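Notes for the one structure printed next.
In our numbering, the protein residues as written are 8 to 307.
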């Protein structure tokens, strides 16, 4: 005897309950006997609504249990973020720039202090801007500005305000401007003009501050000395006018600043290029002169 199970669904409209009937079919001889078995399943009726209500209660209780845990997790995340902001580690490039700034500022302050104490400023004047220029070439103009500021504060503590102001006007401003322009690889004409103007303004600022601290008009003293010099050159044939004297003094200042910046270009650019930095290019005739002199030195 074999048995076949066939199943079908019966829907009850009155109770809106879905039922499923399993009818085993028994083959015995020529007759077929049906035995039906009915099992119910929850659908959309009363039992289904009760089932959904129970699920909603379970979900709400679960949310109530998880709510304090979520609030605690959010509080821990906020505290961790605040701790990271308060005591966040300094990034490596920034730390490297700060260390280089401190070291170069110390070297610059030590060099200026030795040059002042040993009266070597006239000989070392071309190399005093070097640390600020190197800082600007390595990490940008911001690093050069920080190095110059740190050097001024260091000299303020070591030598007093007069020497710190002297370094700022005579070396710091020029080193910062040239370092920034060379870092941006500006044309040599722009760097020459900008450096000469910066040097001239720094010299005038130095004269103003020195006149105020010494309580003496250095400009009048300078004009009187130039007036006496021109009077001797003229041989008593006629005294020059004050306008001529002022023009001569201005021309002397301009020539001094231009020559100083030209020498700095001729010294610093080959030196920085030899150190591996990309700077502005010198004029062709200057490069040929430097190459010729370098070849002669190498031959000797």
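Backbone N, C-alpha and C define an ideal beta-carbon position, used for all residues, glycine too.
Since we're looking at a predicted model, the values are computed, not measured.
**Report entry** Status (buried if at least 16 other CB within 10 Å, exposed otherwise) for residue 227
**Finding:** exposed
Query raised in the report: Does the Cβ-Cβ distance between residue 268 and residue 252 come in under 7 Å?
Result: no
Report task. Assess, as a yes-or-no matter, whether the stretch 278–295 is touched by the stretch 216–226 under the definition of 3 or more beta carbon pairs within less than 8 Å. Result -> Touching, no.
**Report entry** Limits of the unbroken alpha helix (DSSP H) element including residue 153
**Finding:** 148–165
Query raised in the report: Out of curiosity, what's the CA-to-CA distance linking residue 179 and residue 144?
Result: 15 Å
Query raised in the report: In its own chain, which residues sit with a C-beta less than 7 Å from the C-beta of residue 104, not counting the 5 before and 5 after it?
Result: The answer, listed in chain order, is 146, 150.
Query raised in the report: If you compare alpha carbons, which of 116, 283, 111 is closest to residue 163?
Result: 116
Report task. Determine the contact status of residue 111 and residue 148, defining contact as a CB-CB distance below 7 Å. Result -> no
Query raised in the report: Is the stretch 194–204 close to the stretch 151–170, with three or more CB pairs under 8 Å?
Result: When C-beta atoms of the stretch 194–204 are compared with those of the stretch 151–170, fewer than three pairs fall below 8 Å, so the two segments do not count as touching.
Query raised in the report: So, helix, strand or coil for residue 134, using DSSP?
Result: coil
Report task. Check whether the Cβ atoms of residue 176 and residue 212 sit closer than 7 Å, and answer yes or no. Result -> Note that the C-beta distance between residue 176 and residue 212 is below 7 Å.
Requested in this report: Take the Cβ of residue 271 as the centre, count every other Cβ of all protein chains shown within 10 Å, and call the residue buried at 16 or more, exposed below.
Outcome: Result: buried.
Query raised in the report: Just the Cα atoms here: how many angstroms apart are residue 186 and residue 159?
Result: 17 Å
Requested in this report: Report, in whole angstroms, the separation of the C-beta atoms of residue 276 and residue 286, which I expect to be a contact under 8 Å.
Outcome: 5 Å
Query raised in the report: Helix or strand or just coil, what does DSSP make of residue 128?
Result: In the structure shown, the three-state DSSP call for residue 128 is helix.
Query raised in the report: By Cβ distance, which residues of its chain are closer than 8 Å to residue 273, with the 5 residues on each side in sequence left out?
Result: 289, 293, 297
Query raised in the report: In three-state DSSP terms, what is residue 242?
Result: coil
**Report entry** Alpha carbon of residue 308 to alpha carbon of residue 242, nearest angstrom
**Finding:** The question about residue 308 has no answer here: the residues shown for the chain are numbered 8 through 307.
Report task. Have a look at residue 208 and residue 240 and give me their C-alpha separation to the nearest angstrom. Result -> Between residue 208 and residue 240, the C-alpha separation is close to 29 Å.
Requested in this report: Would you check if the distance between the CB atom of residue 181 and the CB atom of residue 247 is smaller than 7 Å?
Outcome: no
Requested in this report: Would you decide whether residue 161 is buried or exposed? Buried here means 16 or more other CB atoms lie within 10 Å of its CB.
Outcome: buried
**Report entry** Collapsed DSSP secondary structure at residue 286 in the structure displayed
**Finding:** coil
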